[in-house]
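**Q** The structure follows.
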Amino acid sequence: MTDIFIIVGALFGIIVVPLGFFVGLQVSPVLANILLLPLITISWSSGIPLGDMSALLLVWSTVLSVAFWATVFGLIGFGIKKLRG
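For the sequence shown, this note's numbering assigns the number 31 to the initial residue and increments by one for each residue that follows.
Quick look at the structure:
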C-alpha cells in the first residue's frame, strides 16, 4: 500500500510544478508556496529567483520535487498502514 502512495506522490511532484505556478497566479499565493516548497527552498538556498533559474536548474528542481512529494506521500501511506494495524 505504501508503494502506491509513493508512486502517486512522484506523479504529484511532476504535476505540481506547473500547477503551483498557475495556482499562485490565479487562486492563492499561500497554496502555491506550499505546492512549490521544494523549488522555493532551492531558490532561497542558491540565491537565484525562480524567474532567473536556468533550464537545467528547473529540471533538477523538478526531480527534487518528485523526490520530496514521493517521500511525503510515502510517509502518509506508512502512517495509514500503521494506524490500520
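Built from N, CA and C at the ideal position, the CB exists for glycine as well.
In the DSSP assignment, the alpha helix (DSSP H) including valine 46 goes from what residue to what residue?
**A** Residues 32-56.
**Q** Suppose the cutoff is 7 Å on Cβ atoms and the five residues either side in sequence are ignored; what does the same chain contact list for alanine 100 look like?
**A** Ile36, Gly39, Ala40 and Gly43
**Q** Looking only at C-alpha atoms, which of Ser76, Thr32, Ile34 and Leu80 sits nearest to glycine 54?
**A** Leu80
**Q** Within 10 Å of its beta-carbon, does alanine 62 have 16 or more other beta-carbons around it, so buried, or fewer, so exposed?
**A** buried
**Q** For proline 68, does the three-state DSSP call read helix, strand or coil?
**A** Note: proline 68 maps to helix in three-state DSSP.
**Q** Which term fits glycine 77, buried or exposed, when burial requires 16 or more other beta carbons within 10 angstroms of its beta carbon?
**A** It counts as exposed.
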